[in-house]
Structure formats: structure tokens, C-alpha cells
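So the structure is just underneath, and the comments pick up after that.
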Amino acid sequence: MAEGYEGGKKPSGGKGNALDTNVVNVDHCHDLTRKWHSVRADLENQLFQLTKDSSIQDGTNGTYMQDIFHGHCKADGNEHYLLLSGSDDTFDKINGLYLNN
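Everything in the sequence shown is counted per the numbering used here, starting at 1354 for the first residue and increasing by one.
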């Protein structure tokens, strides 16, 4: 996801393993992705403050391009994306973060 190549193909990989620079503005894509991960990190921080559920941090310990992914990716590729983590009880409290404000 993070690198752009003409045709969306890195020289060492198959089709669809990069952003296609023929149709995508890589900087804009990174900006949007950074914003999403910033919003997600804010949600995780608020949930942790509310619940003290340390399992939330399981989805935040990635080291790949932290300035963009905020700890949500371990490496390049969808298989390295870290899912939002937490207990069922924690997820049940998400609505309360927004309904009580």
C-alpha cells in the first residue's frame, strides 16, 4: 500500500502490490490514510482511558511506517494490518464515547 509504482506493480511482485501512480496521487493517499489511522488511534486511546483494557494495545504495536499507520501495521501488505483489538465488553462501550458527548 505504501509505495507507488507505475501500473501498481513493484518490480519484484505481482499486480496490485503497490499504489498505481497512473491513477493515484501517492501523497494524497498517504494523507488520507494517515488521517484514518489518527482517528483510529484517538478511538483506541479513548477506549483505553474508559476501560483500561490492555488488549486494545495489541492492535497498536506495529512498527511499519508509524508516521502514517500509527502502529497499526507490521509490514507492507494487507496481511500485516493489525485489527482493532479489545474485549467484547470494550467494543460494547464504543457508542458511549459518542452518545454521552
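Even for Gly, the Cβ is constructed at its ideal location relative to N, Cα and C. Just so it is clear, the structure is predicted and the values come from calculations on it, not from any experiment.
| task | Count the other C-beta atoms from every protein chain shown that fall within 10 angstroms of the C-beta of His-1381, then say buried if there are 16 or more, exposed otherwise. | result | exposed
In the DSSP assignment, find the alpha helix (DSSP H) that holds Leu-1396 and state where it starts and stops.
1379–1404
Taking 8 angstroms as the threshold, find out whether the stretch 1441–1450 comes into contact with the stretch 1425–1432 through three or more Cβ pairs.
no
>> According to DSSP, is Gly-1302 part of a helix, a strand, or is it coil?
In response: Only positions 1354 to 1454 of the chain appear in this structure, which leaves residue 1302 out of reach.
### Query
Can you find a CB in chain C that lies within less than 8 angstroms of the CB of Lys-1405?
As a matter of chain content, chain C is missing from the structure shown, which is built from one protein chain.
| Does the distance from the CB of Leu-1400 to the CB of Gly-1439 come in under 8 angstroms? | yes
_Those residues which DSSP pairs with Leu-1372 across a bridge_ = Gly-1357
Does DSSP classify Leu-1450 as helix, strand or coil?
helix
- Message: Among the candidates Gln-1410, Leu-1450, Asn-1414, His-1425, whose CA atom is the shortest distance from the CA of Lys-1388?
- Response: His-1425
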